[in-house]
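Here it is as structure tokens:
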């Protein structure tokens, strides 16, 4: 029974680590960033706030709607990096 509990815990931990890895791929980060789990969650929260502000902005609405998705993504990544640095 203990062995099975250990197996389940390893699977749960692996699943959690996989989810954090996916989240880290989505959040624009600086190349030097090696984010802990708590840093990943905090940065994800800040990124969500940033995206919310972008969506509410009329300027972003005009610029992003006319761009291809890759270019829009690159612009968002850059803008988030700048926004993040200003907040620190």
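Numbering (full-length UniProt numbering), first residue to last: 1 to 88. A virtual CB, placed ideally from N, CA and C, is assigned to each residue, including glycine.
* Cβ pair residue 73, residue 30 closer than 8 Å -> One-based indexing of the chain shown puts residue 73 at position 73. One-based indexing of the chain shown puts residue 30 at position 30. Not in contact: residue 73 and residue 30 (Cβ atoms no closer than 8 Å).
* To do: Take residue 78 as the anchor and find which of 23, 33, 28 and 16 has the nearest alpha-carbon.
  => One-based indexing of the chain shown puts residue 78 at position 78. For the residues 23, 33, 28 and 16, the minimum Cα distance to residue 78 belongs to 28.
* Asked: For residue 27, which three-state DSSP category applies?
  -> Counted from its first residue, the chain shown places residue 27 at position 27. Looking at residue 27 - three-state DSSP - the assignment turns out to be coil, as it is neither helix nor strand.
* Asked: Between the C-alpha atoms of residue 36 and residue 56, what's the straight-line distance to the nearest angstrom?
  -> Counting from one through the chain shown, the residue named residue 36 turns up at place 36. Counting from one through the chain shown, the residue named residue 56 turns up at place 56. Approximately 30 Å between the Cα atoms of the pair.
* Expressed to the nearest angstrom, what Euclidean distance is found between the alpha-carbon atoms of residue 44 and residue 24? -> As a first step, residue 44 must be located in the chain shown, where it is residue number 44. As a first step, residue 24 must be located in the chain shown, where it is residue number 24. Rounded to the nearest angstrom, the two C-alpha atoms are 8 Å apart.
* Where do the N-terminal and C-terminal ends of the alpha helix (DSSP H) with residue 43 fall, by residue? -> As a position in the chain shown, residue 43 is number 43, starting the count at 1. Element bounds for residue 43: 37-56.
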